[in-house]
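Chemist: First, the structure itself, so that you have it in front of you.
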Amino acid sequence: MHKLFLILAFLFATQCNPAYAGEQVGKILSITVRSSDGLIYFVMENTATGKPACAKNSYWMIADEKSVTGKQQLAILLTARASGQAISVSGSNSCVRWHDGENVVGITF
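By the count of this note's numbering, the sequence shown reaches residue 112 at its end, each step adding exactly one.
In structure tokens:
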């Protein structure tokens, strides 16, 4: 019985389909900084994959624009946009900063 339980537990663990966060690679088409609340979001070329259901729009949200990380992410975005270079973005699998855009976890330039 113990072996059967272990086999079933293994099969269940390997067959579960975990939620994946969004990812996207491409050039930045636009960066928006709103004066009303400081919200920073950007749009990229190409199509994102794996975005959560809450991310109904194609833009990406900087999760905390007041933090050191948020400021660093904005600097990367501005540099990439000015140079015309592509970036890679990974998301948090959540839409916390704004209800219909996925929060950014990491940006690779």
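Positions of the beta carbon are idealized from the N, C-alpha and C atoms, including for glycine.
Since the model is a prediction, treat every value here as computed from it, not as a measurement.
(1) Compare the C-alpha of Val107 against each of Gln76, Ser70, Thr52 and name the closest.
(2) For Ala68, does the count of other Cβ atoms within 10 angstroms reach 16, so buried, or fall short, so exposed?
(3) Taking just the CA atoms, how far does Thr72 sit from Ala78?
(4) How is the alpha helix (DSSP H) around Ile31 delimited, first residue to last?
(5) Report the option in Arg100, Glu26, Tyr44 whose CA atom is closest to the CA atom of Leu80.
(6) Starting from Val108, trace the beta strand (DSSP E) both ways and give me its first and last residue.
(7) Determine the DSSP secondary structure at Thr52, reduced to helix, strand or coil.
(8) Is Gln75 helix, strand or coil when you go by DSSP?
(9) What's the gap between the Cα of Thr50 and the Cα of Cys98?
(10) Grouping DSSP H, G and I as helix and E and B as strand, with all else coil, what is Ser61?
Modeler: For this structure:
(1) The residue with the shortest Cα to Cα distance from Val107 is Gln76.
(2) Going by the sequence as given, residue 68 is Glu instead of Ala. Buried is the call here.
(3) Roughly 10 Å separates the two Cα atoms.
(4) Not the alpha helix (DSSP H): Ile31 falls in the beta strand (DSSP E), residues 31–36.
(5) Considering only Arg100, Glu26, Tyr44, the residue with the shortest C-alpha distance to Leu80 is Tyr44.
(6) From DSSP, the beta strand (DSSP E) with Val108 extends over 105–111.
(7) Residue state, collapsed to three classes: strand.
(8) Residue state, collapsed to three classes: helix.
(9) Distance between the alpha carbons of Thr50 and Cys98 is about 18 Å.
(10) Three-state DSSP puts Ser61 in coil, outside helix and strand.
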